[in-house]
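**Student:**
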Amino acid sequence: MLDSQGFRAARVVLDIGMHLELPIPAGTGFHEGEVWNPDLGLEFLRVHASMDDQMRQDELIRYLGWPGQAPSYKVGERVWLQARADAEARLGADFDLRRFHSAALNLGGLGLDLLSTELARL
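Once you know that position 107 of the sequence shown is 226 in this note's numbering, the rest is easy, because the numbers rise by one and skip nothing.
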């Protein structure tokens, strides 16, 4: 699980850095001051993603062609996890994870603001 979380975080860094053509910040210990590019992205994944190199390359290509997906995923994940934690705190022993997820998924596709509002009602 932690490895997956680290990989998702690395994808956010790459997505933002490469699509905005940002320099790598000082203090990172990784090619400081250089502008993100696919070669640096692959090297970054080699350090931060525990998978074979072909999968790293495939993931890099995937995210280069899908600007904003990685940060969008993480923002949505945070909204979802916060709503679930709020429901657990509010309902205490009456909280049922399966019921919460079923009700939430039955809401269908929603923007994050509306999703937050609707999840607060569960």
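Beta carbons: idealized from backbone N, C-alpha and C, even for Gly.
1) On the DSSP bridge list, what partners appear for Val154?
2) Do Ala208 and Leu241 come within 9 Å of each other at the CB atom, strictly closer than that value?
3) What are the start and end residues of the alpha helix (DSSP H) that includes Leu226?
4) Report the start-end ranges of each alpha helix (DSSP H) in the region 147-198 that is 4 residues or longer and not cut off at the edges.
5) Within the same chain, show all residues whose beta-carbon is closer than 7 Å to that of Ser235, passing over the 5 residues directly before and after it, in chain order.
6) I'd like to confirm something about Arg203: is its beta-carbon nearer than 8 Å to some heavy atom of the ligand ATP, or not?
7) Can we say the region 214-224 touches the region 161-177, given the rule of at least three CB pairs closer than 8 Å?
8) If you pair each beta-carbon of the region 142-150 with each one of the region 185-192, do three or more pairs fall below 8 Å?
9) So, for Leu133: in the same chain, excluding its five sequence neighbours on each side, which residues have a beta-carbon less than 8 Å away from its beta-carbon?
10) Buried or exposed: where does Leu231 fall if 16 or more other Cβ atoms within 10 Å of its Cβ makes it buried?
11) Do Ala129 and His167 come within 9 Å of each other at the CB atom, strictly closer than that value?
**Tutor:** With the structure as the only source:
1) By one-based count along the sequence shown, residue 154 stands at place 35. Val154 pairs with Pro142.
2) Residue numbering aside, residue 241 sits at position 122 when the sequence shown is read from its first letter. Residue numbering aside, residue 208 sits at position 89 when the sequence shown is read from its first letter. It is not a contact, given that the beta carbons lie outside the stated cut-off.
3) Residue numbering aside, residue 226 sits at position 107 when the sequence shown is read from its first letter. Premise fails: Leu226 is in no alpha helix (DSSP H) and is neither H nor E.
4) Fully contained in the region 147-198 are the following alpha helix (DSSP H) runs of length 4 or more, in chain order: 157-167, 172-183.
5) Walking along the sequence shown from the start, residue 235 turns up at place 116. Excluding sequence neighbours, Ser235 sits near Val198, Ala202.
6) The ligand ATP is absent from the structure shown, which contains no ligand whatsoever.
7) As far as the Cβ criterion goes, the region 214-224 does not touch the region 161-177, which means the pair count is below three.
8) Counting Cβ pairs under 8 Å, fewer than three are found: no touch.
9) In the sequence shown, residue 133 corresponds to position 14, counting from 1. Closer than 8 Å at the Cβ level, and outside the excluded window around Leu133, lie Trp155, Gly160, Phe163, Leu164, Leu179, Tyr182, Ala189.
10) For the purposes of this step, residue 231 is taken as the residue at position 112 of the sequence shown. Per the 10 Å Cβ criterion, exposed.
11) Along the sequence shown, read from residue 1 onward, the residue named residue 167 stands at position 48. Along the sequence shown, read from residue 1 onward, the residue named residue 129 stands at position 10. Yes, Cβ-Cβ distance for His167 and Ala129 is below 9 Å.
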